[in-house]
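In my numbering, the protein residues as written are 686 to 1135.
These notes are about the structure you will find just below.
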Amino acid sequence: MDKIIIDSKRIFKDENIPKEYYESHYMKDLKRQKYVVLPVNEGEVVALVNYARENKMVIVPRGANTGAVGSQMPVDGNEIILDLSLMKGIKDFDENNLILTVLPGTKLKEVQDFAEEKGYLYAPDPASKESTIAGNVSTNAGGLRAIKYGTTRDHTKALRVVLANGEVVNLGGLTIKDSSGYDLLDLFIGSEGTLGIITEVKLKLVLRPNISKTIVLAFNDTNDATDAVLEIIKNKFDVNALEMFDKEAISYSEKFMKKDFLTKHGDAYVLLGLDDQTEDHLKLEIKRLKEVLKNKVVDFVPLNEKESELAWALRDNILYALMQFTKYEMLDEVVPIDKFAEMINYTKIIEKNHNVKILNFGHAGDGNIHTILLQEDYSDELWGEKRKAVLKDVYDKVKDLDGLISAEHGIGYTKKEHFLAFTEKNKVDLMRTIKKAIDPFNIFNPNKIF
686 MDKIIIDSKR IFKDENIPKE YYESHYMKDL KRQKYVVLPV NEGEVVALVN YARENKMVIV
746 PRGANTGAVG SQMPVDGNEI ILDLSLMKGI KDFDENNLIL TVLPGTKLKE VQDFAEEKGY
806 LYAPDPASKE STIAGNVSTN AGGLRAIKYG TTRDHTKALR VVLANGEVVN LGGLTIKDSS
866 GYDLLDLFIG SEGTLGIITE VKLKLVLRPN ISKTIVLAFN DTNDATDAVL EIIKNKFDVN
926 ALEMFDKEAI SYSEKFMKKD FLTKHGDAYV LLGLDDQTED HLKLEIKRLK EVLKNKVVDF
986 VPLNEKESEL AWALRDNILY ALMQFTKYEM LDEVVPIDKF AEMINYTKII EKNHNVKILN
1046 FGHAGDGNIH TILLQEDYSD ELWGEKRKAV LKDVYDKVKD LDGLISAEHG IGYTKKEHFL
1106 AFTEKNKVDL MRTIKKAIDP FNIFNPNKIF
């Protein structure tokens, strides 16, 4: 190992491993891994994969440690944590095809900023702008603009991946169409590091809209808010975001940022983004929106640029605020859009039945709910019992509504038990067959997903 990573600042072993690599907000009692290594190029990644295979060790890939389900964490103590955060930067921009080539540890914010400077848009917009592109690819991250632009999968054109035998494979390509065999690119997107190590990503940029506008919509309750979302979609407004949260959820962010939200009316809010090509047409769309929602909305607040930045920052910081003020567990279930309100209302029934505090916010436009379970004053032992019962009820309801356990965070380690109970056995068996075929040595991130 020391011959592969010569720089002592890029390799840590046993008791010298920094705590950040084996302590987690989401997981307890983690075992310290064997090594943490920080490669700086693909050649080192290949050498480390070969080392792991030859020494019967396993590799857990890691980026910015923003993952919420433990995919990047050790679980058995024999792991090599492959921290890809030093393999970062933009390699190339092909403006003819609007393809941006980046290294795996490149942060989302850097990609978004580069695209905007060139007059384009990298459309996927997960809340954590510090997350890495390879991490986004590994979980098929969605984010705020998925309703219009889709998820990371829809903007990933190609990958370079190191396989378990040490070979490097190119997946995908620059063409618009592809009917040439199995779609291996899509197989690796969302695989949470269980099939190989990403060393390069080619991303698709899109044209940036001429004008964008953010509007705060306030409602008396979540039922009115979700009904309004369905009306907005049905009336074909060109929205780029429909984010819903209640007053209590945003209050944590207000306290954390020491800033007030943009309205004090109502108990449920939708943060809506509109794209357009001309100012005149945008004004007409805002007027039409106000007319469509006049019987539901209790406050309708178009924001200027500065106010818009504040509104989105308050939304993005809900989770960081919760980390400061309480212990919690965040879910990311997804249901059909017309079942969004029913799912949220059911969490309030669960809240009463189990005497626990539950908050909800999420991407109302695509049915993705972030249900937050607050531990509050419960001891860890009692919370463990409460949590298990609450999660069973939540996921049973998700299944009844034809939903899924995860929309954008992945399964990782913390949701594995529920994923296995939720998912048909033959489907899980097929995933295991694929895993064994691509990673016969079980090197990459074992004990995750299934």
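Glycine included, C-beta positions come from ideal geometry on N, C-alpha and C.
For this session: Could you name each continuous beta strand (DSSP E) segment of 3 residues or more that falls completely within the stretch 993-1031, going from the start of the chain to the end?
Result: 1013-1015
Exercise. Taking the C-alpha atoms as reference points, what is the distance between Val722 and Glu705?
Worked result: Reading the sequence shown from its first residue, position 37 is the one you call residue 722. Reading the sequence shown from its first residue, position 20 is the one you call residue 705. The alpha-carbon atoms of Val722 and Glu705 are separated by roughly 13 Å.
Exercise. In angstroms, rounded to a whole number, what distance separates the CA positions of Asn1002 and Ile935?
Worked result: Counting from one through the sequence shown, the residue named residue 1002 turns up at place 317. Counting from one through the sequence shown, the residue named residue 935 turns up at place 250. When rounded, the distance between both Cα atoms is 9 Å.
Exercise. Run through DSSP, which three-state label would Val749 get?
Worked result: Within the sequence shown, the letter at position 64 stands for residue 749. Here residue 749 is Ala; the residue named in the question, Val, does not match the sequence. Coil, per DSSP.
Exercise. Just curious, the beta strand (DSSP E) that Leu872 is in, first and last residue?
Worked result: Position 187 of the sequence shown, counting from 1, holds the residue named residue 872. No beta strand (DSSP E) holds Leu872; the alpha helix (DSSP H) holding it covers 869-873.
Exercise. When you compare only the Cα positions, how much space is there between Thr899 and Pro987?
Worked result: The residue given as residue 899 occupies position 214 in the sequence shown. The residue given as residue 987 occupies position 302 in the sequence shown. Approximately 6 Å between the Cα atoms of the pair.
Exercise. How close, in whole Å, do the beta carbons of Lys1077 and Ile1090 come, if the pair is a contact with beta carbons under 8 Å?
Worked result: In the sequence shown, counting from the first residue as 1, residue 1077 sits at position 392. In the sequence shown, counting from the first residue as 1, residue 1090 sits at position 405. Not quite, the Cβ-Cβ distance comes to about 12 Å (not below 8 Å), so this is no contact.
Exercise. Alpha carbon to alpha carbon, how far is Phe985 from Ala903?
Worked result: Counted from its first residue, the sequence shown places residue 985 at position 300. Counted from its first residue, the sequence shown places residue 903 at position 218. Each residue's alpha carbon lies about 7 Å from the other.
Exercise. With a cut-off of 8 Å, do at least 3 Cβ pairs link the stretch 745-763 to the stretch 815-828?
Worked result: yes
Problem set entry | Pairwise C-alpha distance: Lys889 and Val787 | For this step, residue 787 is matched to residue 102 along the sequence shown. For this step, residue 889 is matched to residue 204 along the sequence shown. Near 11 Å, if we compare the C-alpha coordinates of Lys889 and Val787.
Exercise. Nearest-angstrom Cα distance between Gly804 and Glu700?
Worked result: In the sequence shown, residue 804 corresponds to position 119, counting from 1. In the sequence shown, residue 700 corresponds to position 15, counting from 1. Straight-line Cα distance between these residues: approximately 48 Å.
Exercise. Could you check where the beta strand (DSSP E) with Lys698 kicks off and where it finishes?
Worked result: Position 13 of the sequence shown, counted from the first residue, corresponds to residue 698. Element bounds for Lys698: 696-698.
For this session: Express the C-alpha separation of Pro809 and Gly828 in angstroms, rounding to a whole number.
Result: Counted from its first residue, the sequence shown places residue 828 at position 143. Counted from its first residue, the sequence shown places residue 809 at position 124. Taking the straight line from one Cα to the other gives about 6 Å.
For this session: Decide yes or no for the touch test of the stretch 1116-1129 against the stretch 872-879: beta carbon pairs closer than 8 Å, at least 3 of them.
Result: yes
Exercise. Hey, Ile784 and Lys842: beta-carbon distance below 8 Å or not?
Worked result: Within the sequence shown, residue 784 is the residue found at index 99, counting from 1. Within the sequence shown, residue 842 is the residue found at index 157, counting from 1. Going by C-beta atoms, Ile784 is nearer than 8 Å to Lys842.
For this session: Express the C-alpha separation of Arg747 and Gly820 in angstroms, rounding to a whole number.
Result: Position 135 of the sequence shown, counted from the first residue, corresponds to residue 820. Position 62 of the sequence shown, counted from the first residue, corresponds to residue 747. Roughly 8 Å separates the two Cα atoms.
Problem set entry | Cβ pair Asn1132, Val760 closer than 8 Å | As a working note, residue 1132 is residue 447 in the sequence shown. As a working note, residue 760 is residue 75 in the sequence shown. Their beta carbons are under 8 Å apart, which means Asn1132 touches Val760 by this criterion.
Problem set entry | Residue ranges of each alpha helix (DSSP H) within the stretch 893-951, 4 or longer | 907-919, 932-942
Problem set entry | Span of the beta strand (DSSP E) around Ser774 | On the sequence shown, position 89 is the one that residue 774 refers to. Looking at the sequence itself, residue 774 is Gly, so the reference to Ser does not match. No beta strand (DSSP E) contains Gly774, which DSSP labels as neither H nor E.
For this session: With DSSP as the reference, label Ser816 as helix, strand or coil.
Result: For this step, residue 816 is matched to residue 131 along the sequence shown. Looking at Ser816 - three-state DSSP - the assignment turns out to be coil, as it is neither helix nor strand.
For this session: For my contact list, Glu667 and Lys1042 are in at a C-beta cut-off of 8 Å; report their separation, rounded to the angstrom.
Result: Only positions 686 to 1135 of the chain appear in this structure, which leaves residue 667 out of reach.
For this session: Starting from the Cα of Pro811, find the closest Cα among Tyr720, Ala998, Asn781, Ala910 and give me that residue.
Result: Here residue 811 refers to the residue found at position 126 when the sequence shown is read from its first residue. Comparing Cα-Cα distances from Pro811 to each of Tyr720, Ala998, Asn781, Ala910, the minimum goes to Ala998.
Exercise. Does DSSP put Gly1069 in a helix, a strand or coil?
Worked result: Taking the sequence shown and counting its residues from 1, one reaches residue 1069 at position 384. Helix at Gly1069.
For this session: Just confirm the distance between the C-beta atoms of Leu1086 and Lys1024, as a whole number of angstroms; I'd bet it's less than 8 Å.
Result: As a first step, residue 1086 must be located in the sequence shown, where it is residue number 401. As a first step, residue 1024 must be located in the sequence shown, where it is residue number 339. Contact holds; Cβ gap of about 4 Å.
Problem set entry | Rounded distance between the beta-carbons of Leu856 and Asn848, thought under 8 Å | The sequence position of residue 848 within the sequence shown is 163, counting from 1. The sequence position of residue 856 within the sequence shown is 171, counting from 1. According to the sequence as given, residue 848 is Leu; it is not Asn. Going by Cβ atoms, the distance from Leu848 to Leu856 rounds to 11 Å, so no, they are not a contact pair.
Exercise. Counting only runs that start and end within the stretch 842-888, where is the beta strand (DSSP E) found for 3 or more residues in a row?
Worked result: 853-857
Exercise. From Pro703, Leu715, Arg738, Ser709, pick the residue whose C-alpha is nearest to that of Ile1128; which is it?
Worked result: On the sequence shown, residue 1128 is found 443 positions in, with the first residue counted as 1. With distances taken between Cα atoms, Ile1128 lies closest to Arg738.
Exercise. By Cβ distance, which residues of its chain are closer than 7 Å to Ser709, with the 5 residues on each side in sequence left out?
Worked result: Here residue 709 corresponds to residue number 24 of the sequence shown, with the count starting at 1. Excluding residues within five positions, the ones whose Cβ falls inside 7 Å are Leu715, Gly755, Met758.
For this session: Indicate the three-state DSSP secondary structure (helix, strand or coil) for Val721 in the structure shown.
Result: In the sequence shown, the residue the question calls residue 721 occupies position 36. In the structure shown, Val721 sits in a strand (DSSP, three-state: E or B).
For this session: Please name the residue in Glu933, Phe946, Leu859 whose C-alpha comes closest to that of Asn782.
Result: By one-based count along the sequence shown, residue 782 stands at place 97. Among Glu933, Phe946, Leu859, the Cα nearest to that of Asn782 is on Leu859.
Exercise. What are the start and end residues of the alpha helix (DSSP H) that includes Tyr954?
Worked result: Here residue 954 is taken as the residue at index 269 of the sequence shown, counted from 1. From DSSP, Tyr954 is part of no alpha helix (DSSP H) but of the beta strand (DSSP E) over 953-961.
Exercise. If we count the other Cβ atoms within 10 Å of its Cβ and call it buried at 16 or more, is Asn825 buried or exposed?
Worked result: Against the sequence shown, residue 825 aligns to sequence position 140. Flag for Asn825 reads buried.
Problem set entry | Residue environment, His966, which counts as buried when at least 16 other CB atoms sit within 10 Å | Position 281 of the sequence shown, counted from the start, is the residue given in the question as residue 966. Under this definition His966 is an exposed residue.
Problem set entry | Asp906 and Asp960 closer than 8 Å at C-beta | In the sequence shown, residue 906 corresponds to position 221, counting from 1. In the sequence shown, residue 960 corresponds to position 275, counting from 1. Taking 8 Å as the Cβ cut-off, Asp906 and Asp960 do not qualify as a contacting pair.
Exercise. Taking His1048 as the reference, which of Glu1014, Lys1037, Arg1000, Asp1081 has the closest Cα?
Worked result: Along the sequence shown, read from residue 1 onward, the residue named residue 1048 stands at position 363. That would be Arg1000, whose Cα lies nearest to the Cα of His1048.
For this session: Along the beta strand (DSSP E) that carries Lys713, what are the first and last residues, could you check?
Result: As a first step, residue 713 must be located in the sequence shown, where it is residue number 28. Run containing Lys713: none; DSSP gives neither H nor E here.
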